[in-house]
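When we follow the numbering used here, the leftmost residue of the sequence shown carries the number 299, and every step to the right adds one. Step one of this worksheet: look at the structure below.
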Amino acid sequence: MLDFDRMSYQPIENYGLIGNMRTSALVGMNGSIDWFCFPHFDSPSVFAAILDEHKGGWFKITTQGKDVIHKQFYWPDTNVLVTRFLSAQGVGQVVDFMPVGLKETELGYHGIIRRVQAIRGTLTFRLECYPAFDYARGSHRTTLTDRGARFEADGLTLGLGSTIPLQQRDTGVMAEFELQEGHERSFSLQAINREHDSRLTVSQDQAETLFRQTVDYWRRWLAQCTYRGRWREMVQRSALTLKLLTFEPTGAIVAAPTCSLPEDVGGYRNWDYRYTWIRDAAFTLYALLRIGFIDEAEQFMQWLEARCRELKADGSLQIMYGIDGRHELPEVNLPHLEGYKQSSPVRVGNDAYAQLQLDIYGELLDSVYLYNKYGTPISYDLWKHLRRLVNWVCDNWQRPDDGVWEVRGGSQHFLYSKLMCWVALDRGLRLADKRSFPADRSRWLHVRDQIYEEIMTKGWNERRRAFVQRYESDTLDAANLMMPLVFFVSPTDPRMLSTLDAINQPPEKGGLIANALVYRYNVNETADGLEGEEGTFNICTFWLVEALTRAGRADHARLDQARLMFEQMLGYANHLGLYAEETGHHGEGLGNFPQAFTHLALISAAFNLDRALGSRG
C-alpha cells in the first residue's frame, strides 16, 4: 500500500486534462497525475489515484513548503497545462503536455513531458512516481538507470527520463531537487524498449522544441474555428476538449476519458465512459460541424461507416463500441480499489453495450444528414447501410427499450426513444429526397406520421400539461427538451411552451430545476433500477437554454432567461472551463470528467443563443 505523503482525494473539478488523441491524463492542482491509461483511452490504468488514493498510483511534482497557493491554467489556445505554486519562497510551475503531431519514430511520441520551472526565488521540488499497472492489479519491477528509471510490467515497460538522481522507494521512485530562479528541469514518461533506453532522457532543448511544436499544433488546429460570438473563449475551450477526446487512429470519440467517477459520492452510479456511444459521437459531430471542424466530422463518418458494415444479423446497431470498433465491452468490478472517496464499485467495461436504445438511430441519421449538408455528400454505399437501418426502425420502433439514460429498471416506452425514431425516418426521407436516393418513401412517410400521432397521444399528459418521460406516465424528463431542437414541434407550440414551464419548476413543485440547473428526471419518481441520488445533468441545462432560446424568438422574456441561465451555467465550469457530467448540490463536479456530452451541448447552446441575440448587447 503506497499511502505515504498522499493528500486526501481532490475534488473532481480540481483537475486539468492533457492528451494526444490516443490517451489522456488528469493533472491535479497539486501537481499530481492521478489518472493515466496507456497506451489508449480504454487501456488499463498506470496511474489511478483518483480511484484509490492509497494504491491507485500517481506521478506527483510539487513544491515543498507550507501555505502554498495552487493555480492552474492552459497555455493560451492550447491543451498545454500549467500548474503554478506560489509560496513565501517564490513562484514555481510545472508545464505538462503530451506531444502531438509527431511520427512514431520521433522522441516524445506518445508520452508525457513535465517541465519544472522556478519563476521567482529558489524553490525545492519533490517528485514521486509510483505506477500501479493494470488498475493496480499487476506487479512491476523498478530499475534505476543513469538516465532515470524503468518500470517493467507484463507486456509494457515505461521509462521515466530524468537528468537528476532518483531514489527507489518500494515500487516507485522519488527525488527532491532545488531550482534557482530562471532554471528548469524536464522529465519524460514514455514507453521504451526493455533493452534500450538511450532516448529516455529529454534535454532542456528537446523539451523546448517539443513544447513549441505542441503549442503550434494546437493553435493551428484552433484557427479553423469559425465561431466569433460572445462566448468565444468557452466555445474554443470546449472544442479543444472535444478534440482531446477523439481517438485519432480510427476517428472514434470517447464519451469521457475516465471511468467510475461517481454521480453520487459514496453511491452506486459509477460507470466506464471510455468508449464511443453512437449518440454522444453523433452530437459531437454536429457541434464540431457548426463551428468549422470538418476534418473531425469526416474522420468520425469513416468510423461510423465501418460500424454500419458490421450490423447485427437483424440489421441493427449497437449503442456503443470500443474506440477500435470492438463490439463486446463486458463490465467488470474491481473490488481491490476503494473508488473515489469510497464510491464503489469501481467498474471497467460497460454492460450497457448490450442494451436496446432506439434513440441512437435518430441521432445517427441526423448527424449524417448534417454532414451531407455542411460537410461532404455521402456515398451510395453508405446510403445502402443507412437505408437498412431506417427499415429496421420501421420494424422495431414500437418496442419498449432502455432509454437514453440507460436505466437498469426494465424496458419502457420512453417518449425520447420514439421521438428519435421519428427523427431517423424524417432525416432518412430528407436525405433520400435531397440526393435522389432510392428508398421506400411511402412506407417511411407512413411510419413517420404514425410515430408523430402516437407521441402526441400517449406522450402528452393532459393533467401535467407536459410531455412526459414514458407513455401515459406523470414523470417529466429533460430529454424531451430536444423536441423543438430536432424540429419535431415548433418551439412556440403551446404544448412545448407548457412543457418548458413544467420543467422550469423546482422539484418540490413537480419540476426539474434547482437554482437554474436541470435534473434529467426525478429519481424518486422513476424506477431506474439504481440506488442513490445524483446531481443535476449539465447537458440538460444547456438543452433548456437552447429550448428557451428558440422559444425566445417570439418572447424576449424567455430569451433573456436563456441568456441568464447560460451565463450562470458557465460559472459552474471548473477553473479551466471544463465540466464533469453533473453538478452536485454544492456546485461540485460529479461523474466522469471531462464529459464530451456537456461540452458539445455548450457549443450548440452558445451558437444558437448568440445568433438569436444578434446585435443585442
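Using N, Cα and C, we set each Cβ at its ideal position, and we do this for glycine too. All of these numbers come straight from a predicted model, not from anything done at the bench.
Would you tell me roughly how many angstroms separate the C-alpha atoms of Trp-695 and Phe-712, rounded to the nearest one?
For this step, residue 695 is matched to residue 397 along the sequence shown. For this step, residue 712 is matched to residue 414 along the sequence shown. So the alpha carbons of these two residues sit roughly 11 Å apart.
Could you tell me which uninterrupted alpha helix (DSSP H) segments, each at least 4 residues in length, are contained entirely in the segment 714 to 793, listed from first to last along the chain?
As far as the segment 714 to 793 is concerned, its whole alpha helix (DSSP H) runs of at least 4 residues are 739 to 756, 780 to 783.
Please state the DSSP three-state secondary structure of Leu-379.
Position 81 of the sequence shown, counted from the start, is the residue given in the question as residue 379. Strand, per DSSP.
Could you round the C-beta distance between Phe-509 and Phe-395 to whole angstroms and report it? I think they count as a contact, below 8 Å.
As a first step, residue 509 must be located in the sequence shown, where it is residue number 211. As a first step, residue 395 must be located in the sequence shown, where it is residue number 97. With 8 Å as the limit, Phe-509 and Phe-395 qualify as a contact, their Cβ atoms being about 7 Å apart.
Determine the direct distance from the alpha carbon of Pro-804 to that of Asn-813, and round the result to whole angstroms.
Mapped onto the sequence shown, residue 813 falls at position 515. Mapped onto the sequence shown, residue 804 falls at position 506. Taking the straight line from one Cα to the other gives about 8 Å.
So, with DSSP's three-state summary, where would you put Lys-364?
Sequence index remark: in the sequence shown, residue 364 carries index 66 (1-based). Of the three classes helix, strand and coil, the one that applies to Lys-364 here is coil, per DSSP.
Residues near Arg-761 by beta carbon distance below 8 Å, same chain, minus five either side
Counting from 1 along the sequence shown, the entry for residue 761 is found at position 463. Once the five neighbours on either side are set aside, the close Cβ partners of Arg-761 are Asp-772.
Complete runs of the alpha helix (DSSP H) confined to the segment 571 to 608 [at least 4 residues]
Whole alpha helix (DSSP H) segments, 4+ residues: 576 to 588, 592 to 606.
Status (buried if at least 16 other CB within 10 Å, exposed otherwise) for His-897
Position 599 of the sequence shown, counting from 1, holds the residue named residue 897. With 16 or more other Cβ atoms within 10 Å, it is buried.
Grouping DSSP H, G and I as helix and E and B as strand, with all else coil, what is Gln-893?
Here residue 893 corresponds to residue number 595 of the sequence shown, with the count starting at 1. For Gln-893, the three-state secondary structure derived from DSSP is coil.
Give every residue of the same chain whose Cβ lies closer than 7 Å to the Cβ of Asp-570, excluding the five residues on either side of it in the sequence, and list them in chain order.
Against the sequence shown, residue 570 aligns to sequence position 272. Closer than 7 Å at the Cβ level, and outside the excluded window around Asp-570, lie Cys-557, Ser-558, Arg-645, Val-646, Gly-647, Asn-648.
Note down, in chain order, each residue of its chain lying with its Cβ closer than 7 Å to the Cβ of Cys-719, except the 5 sequence neighbours on either side.
What you label residue 719 is simply residue 421 of the sequence shown in a count that begins at 1. So the list reads Leu-656, Tyr-659, Gly-660, Val-691, Trp-695, Ile-749, once near-sequence residues are dropped.
Under a Cβ-count criterion, where at least 16 other Cβ atoms within 10 Å of its own Cβ denotes burial, should Ser-437 be classed as buried or exposed?
Position 139 of the sequence shown, counted from the first residue, corresponds to residue 437. Residue environment: Ser-437 is assigned as exposed (fewer than 16 neighbouring CB atoms within 10 Å of its CB, all protein chains considered).
Quick one: grab the DSSP three-state call for Arg-685.
Counting from 1 along the sequence shown, the entry for residue 685 is found at position 387. For Arg-685, the secondary structure class from DSSP, reduced to helix, strand or coil, is helix.
So, for Arg-848: in the same chain, excluding its five sequence neighbours on each side, which residues have a beta-carbon less than 6 Å away from its beta-carbon?
By one-based count along the sequence shown, residue 848 stands at place 550. Hits under 6 Å: Pro-782, Pro-789.
Which of the three DSSP states is assigned to Met-472 in this structure?
As a first step, residue 472 must be located in the sequence shown, where it is residue number 174. Correct three-state label for Met-472: strand.
Alpha helix (DSSP H) containing Gly-660: first to last residue?
Locating residue 660 in the sequence shown gives position 362, counting from the first residue. 658 to 672 is the span of the alpha helix (DSSP H), which, as asked, contains Gly-660.
Name, in chain order, the residues that DSSP records as bridge partners for His-438.
Here the question's residue 438 lines up with position 140 in the sequence shown. His-438 has Ala-451 as its beta-bridge partners, per DSSP.
Assign Glu-561 to buried or exposed, taking buried as 16 or more other Cβ atoms, counted over all protein chains shown, within 10 Å of its Cβ.
Sequence index remark: in the sequence shown, residue 561 carries index 263 (1-based). The C-beta of Glu-561 has 16 or more other C-beta atoms within 10 Å across all chains shown, which makes the residue buried.
Test item: CB-CB of Leu-421 and Gly-390 under 7 Å:
Position 123 of the sequence shown, counting from 1, holds the residue named residue 421. Position 92 of the sequence shown, counting from 1, holds the residue named residue 390. It is a contact, given that the beta carbons lie within the stated cut-off.
CA-to-CA distance, Gly-549 to Met-599, given in whole angstroms
Position 301 of the sequence shown, counting from 1, holds the residue named residue 599. Position 251 of the sequence shown, counting from 1, holds the residue named residue 549. Met-599 and Gly-549: Cα-Cα distance of roughly 8 Å.
Just to check my reading of the structure: Ala-489 and Leu-454 have Cβ atoms closer than 8 Å, yes? What is that Cβ distance to the nearest angstrom?
Position 191 of the sequence shown, counted from the first residue, corresponds to residue 489. Position 156 of the sequence shown, counted from the first residue, corresponds to residue 454. At roughly 7 Å, the Cβ-Cβ gap stays under 8 Å, so Ala-489 and Leu-454 are in contact.
Please list, in chain order, all residues of the same chain as Ile-753 whose beta carbon is under 6 Å from its beta carbon, the five residues on each side excluded.
Start at 1 with the first residue of the sequence shown, and residue 753 comes out as number 455. Excluding residues within five positions, the ones whose Cβ falls inside 6 Å are Lys-716.
Report the rounded CA-to-CA distance for Thr-797 versus Glu-844, giving the unit in angstroms.
Along the sequence shown, read from residue 1 onward, the residue named residue 797 stands at position 499. Along the sequence shown, read from residue 1 onward, the residue named residue 844 stands at position 546. So the alpha carbons of these two residues sit roughly 14 Å apart.
Which parts of the segment 830 to 887 are runs of the alpha helix (DSSP H), unbroken and 4 residues or longer, counting only runs that do not cross its ends?
If only complete runs of 4 or more residues are kept, the segment 830 to 887 shows the alpha helix (DSSP H) at 836 to 849, 854 to 868, in order along the chain.
Within the same chain, show all residues whose beta-carbon is closer than 7 Å to that of Ala-505, passing over the 5 residues directly before and after it, in chain order.
As a working note, residue 505 is residue 207 in the sequence shown. Taken in chain order, the residues that qualify are Ile-411, Arg-413, Ser-484.
To the nearest angstrom, how far is it from the Cα of Arg-445 to the Cα of Gln-465?
Position 147 of the sequence shown, counted from the first residue, corresponds to residue 445. Position 167 of the sequence shown, counted from the first residue, corresponds to residue 465. Going by C-alpha positions, Arg-445 is about 13 Å away from Gln-465.
Taking the beta strand (DSSP E) that Thr-524 belongs to, which residues open and close that run?
Position 226 of the sequence shown holds residue 524. Where Thr-524 is concerned, there is no enclosing beta strand (DSSP E), because DSSP gives it neither an H nor an E.
Measure the C-alpha to C-alpha separation of Tyr-428 and Thr-582 and round it to an integer number of angstroms.
One-based indexing of the sequence shown puts residue 428 at position 130. One-based indexing of the sequence shown puts residue 582 at position 284. Going from the Cα of Tyr-428 to the Cα of Thr-582 covers about 35 Å.
Can you tell me where the alpha helix (DSSP H) with Glu-531 in it begins and where it stops?
Here residue 531 corresponds to residue number 233 of the sequence shown, with the count starting at 1. Its alpha helix (DSSP H) spans residues 530 to 542.
What does the Cβ neighbour count give for Gly-564, buried or exposed, with the cut at 16 atoms within 10 Å?
Taking the first residue of the sequence shown as 1, we reach residue 564 at position 266. Answer is exposed; the Cβ neighbour count stays below 16.
Three-way DSSP call (helix, strand, coil) for Asp-693 in this model
In the sequence shown, residue 693 corresponds to position 395, counting from 1. When DSSP states are grouped into helix, strand and coil, Asp-693 belongs to the helix group.
Given this structure, state the Cα-to-Cα distance separating Asp-799 from His-744, to the nearest angstrom.
Here the question's residue 799 lines up with position 501 in the sequence shown. Here the question's residue 744 lines up with position 446 in the sequence shown. If you draw a straight line from the Cα of Asp-799 to the Cα of His-744, it is about 32 Å long.
Can you grab the Cα-Cα spacing for the pair Gly-887 / Pro-309, in whole Å?
Position 589 of the sequence shown, counting from 1, holds the residue named residue 887. Position 11 of the sequence shown, counting from 1, holds the residue named residue 309. Between the alpha carbons of Gly-887 and Pro-309 lies a distance of about 7 Å.
Starting from the C-beta of Leu-324, find all residues in its chain whose C-beta is less than 8 Å away, skip the five residues before and the five after it, and write them out in chain order.
What you label residue 324 is simply residue 26 of the sequence shown in a count that begins at 1. These residues qualify, in order along the chain: Tyr-313, Gly-314, Leu-315, Ile-331, Asp-332, Trp-333, Phe-334, Ile-348, Pro-555, Thr-556, Phe-891.
With DSSP as the reference, label Leu-627 as helix, strand or coil.
Residue mapping note: residue 627 aligns to position 329 of the sequence shown, counting from 1. Leu-627 falls in the coil class under three-state DSSP.
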